[in-house]
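Trainee: One structure, as structure tokens, below. Some questions next.
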Amino acid sequence: MITLHWFRRDLRLEDNTALTAAALASRGIVIPLFIFDPILIAPERRFTSAPRVQFLLDSLAELDRNLRQLDSRLVLQHGDPLELLPRLVQAHYVTAVYWNSDYSPYAMRRDAQVQQALAELRVQCHSFKDGVIHEYPELVTKNGTHYTVYTPYARQWWQRLAAQPLHVLPAPVLHLPAEQLPASKPLPTLAEFGLATEQQLPAGGSHAAQLLLQQFLDPQQPSNIGTYASHRDRPDLMGTSRLSPHFRFGTLSVRAAVLAAQHYAEQHGREDNTVELGVRTWIGELAWRDFYVQILAHFPHVLQRAFRPQYDGIAWENDPARFAAWSSGHTGYPIVDAAMRQLRQEGWMHNRARMIVASFLTKDLLIDWRKGERLFMQLLVDGDPAANNGGWQWAAGTGTDAQPYFRIFNPVSQGQKFDPDGAYVRRYLPELADVPTSFIHEPHKMSAQLQRQCRVQIGHDYPLPIVDHATQRKRALDMYAVVKQQR
DNA sequence: TTTTGAGTTGTTCGA
DNA sequence: GTCGAACAACTCAAA
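The first sequence begins at 1 in our numbering and counts up one residue at a time.
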């Protein structure tokens, strides 16, 4: 008996549900396969991203190295899985195919087709829950419908987590030697996909993920999971785990991460209540992740339209010059510009900053949230359709959260509150390095003399605000009021 | 079926 | 500077 494990968003050997099942079923006679699907990687595709492909390539290289230590190797193929898998399965007498579930609309459609094609060849497919803690239909309302509000969803998410302790699986034992595996294509470069990036990207692979997790769970670190509840909103403090790309590609198991966090709370929570809160808050972010996965799976229209249909009636202004200024980090609002430049430099942005720039694009520039969603998907190394869409629809007020329409971020006060010393701004906007902290979030208010003193001319070295927040706030309120009348 | 309570992340204004 | 209230109305989930 020979099985095949199809790697997709689970690029690791430890605690990999489907891989372990494949190995158990065949006593380790497993073909480990990854397919470059041109539909997902073609540069012209809406959500394709050079940073993510680079992270993927790093992670695949490491996965191959780790497999070779088990006398196996990764089989790489390019093409349509629907054509490739049946061919491979027949050529190598594979008896069953294993994979971990992917809940995006494209993946669910693809997997259903693959399953049908293989069933015609009398080959069984086995899919497993792996990338989330709880999946639909594990969490449904009393009426059996899926949740659309986070809080009741989260209540049940936690209850179920408490009722069913998590377990992690060791890396499987593999017994199909490398030389007996199907032929493999060499690992491609980014350029071979017609992509390029100059970003200083986070390192891919499960080893890098382990290092990040260790750091985040190190009590000696000034910002770690124990301080997460208060530090997570501070882009200047690096108070988050930065594990998002690893959850995106499965180079870290969510179960292992939650277990490690719970263990930390047991070790260090007794003497310090804030630790307990930090751990709970951090694990709660993974509940949000599950929530949005579930929303996208059952309301796939959110990728095209507002979750709430009445918000499709908003007449966005979509001024191209304003979009360009936002996109390149030249709006004249330092916290917004610092965040957008962080995104362009690092392929990553702090979560608080994501909310600020999203609020600014939609409520201050009156630009369609989908334009921001798309840019994020192109530049973010952690870009995930479910979480990214959920975040943008939340910021635009079109999503699952029935948030008050008047909840509009003030980019100056957000900066003062969450980057109080201006350290985040100065890190990404060197032209403002010498601006006094009292002016760092509104440098245009400095006198000409003060500007000379701190060697920056606002309007020349750094832009004046491209819009007036108070004015735009009122216009946004009007814009959303139109939605109310249409109801 | 009806009722009730509640809803991630905020801002502004006036006392 | 600090604090509390106002900013609306609606939908969801559960009792």
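Cβ atoms here follow ideal geometry from the backbone N, Cα and C, with glycine treated the same way. Here the structure is a predicted model, which means the values were calculated and not measured.
1. Who pairs with Asn100 in a beta bridge, going by DSSP?
2. Looking at the secondary structure, which residues open and close the beta strand (DSSP E) in which Phe36 lies?
3. Return the bridge partner residues of His78 from the DSSP annotation.
4. Quick check on Ile41: does DSSP put it in helix, strand or coil?
5. Hey, how far is the Cα of Gln489 from the Cα of Tyr333?
6. May I have the straight-line CA-CA distance separating Pro320 from Ile367, to the nearest angstrom?
7. Candidates Phe247, Ala209 and Leu56: which alpha carbon is nearest Thr189's?
8. From the DSSP output, in three-state form, read off Trp316 for me.
9. Buried or exposed for Ile39, please, with buried defined as at least 16 other CB atoms from any protein chain shown within 10 angstroms of its CB.
10. Closer than 6 Å by C-beta to Glu14: which residues in its own chain qualify, once you throw out the five before and the five after it? Chain order, please.
11. Return helix, strand or coil for Thr20, following the three-state DSSP convention.
12. Could you tell me which whole alpha helix (DSSP H) segments of length 4 or greater appear in the region 171-229?
13. Return helix, strand or coil for Phe247, following the three-state DSSP convention.
14. For Arg8 versus Asp102, is the C-beta distance shorter than 7 Å?
15. For Leu11 and Ser59, which I take to be in contact (beta-carbon distance under 8 Å), what is that distance rounded to the nearest angstrom?
16. On the DSSP letters alone, give me the boundaries of the alpha helix (DSSP H) that His5 sits inside.
17. If the criterion is Cβ atoms closer than 7 Å, does the pair Gly131 and Gly250 meet it?
18. Roughly how many angstroms lie between the CA atoms of Gln453 and Leu380, to the nearest whole one?
19. Please name the residue, chosen from Arg354, Gln378 and Tyr153, that lies closest to Gln393 on a Cα-to-Cα basis.
20. Secondary structure at Tyr539, three-state DSSP: helix, strand or coil?
21. Exposed or buried, what is Val114 when buried is set at 16 or more other beta-carbons lying within 10 Å of its beta-carbon?
22. Take the Cβ of Leu211 as the centre, count every other Cβ of all protein chains shown within 10 Å, and call the residue buried at 16 or more, exposed below.
23. Mind checking Phe247: buried by the 16 CB within 10 Å criterion, or exposed?
Mentor: This is what the structure holds:
1. Phe128
2. Val30 to Phe36
3. Phe36
4. helix
5. There is simply no residue 489 to check, as the chain begins at 1 and stops at 487 in what is shown.
6. 9 Å
7. Leu56
8. coil
9. exposed
10. Ala171
11. helix
12. 206-216
13. helix
14. yes
15. 4 Å
16. From DSSP, His5 is part of no alpha helix (DSSP H) but of the beta strand (DSSP E) over Thr3 to Phe7.
17. yes
18. 37 Å
19. Arg354
20. Nothing can be reported for residue 539: it is not among the residues displayed for the chain, which extend from 1 to 487.
21. buried
22. exposed
23. buried
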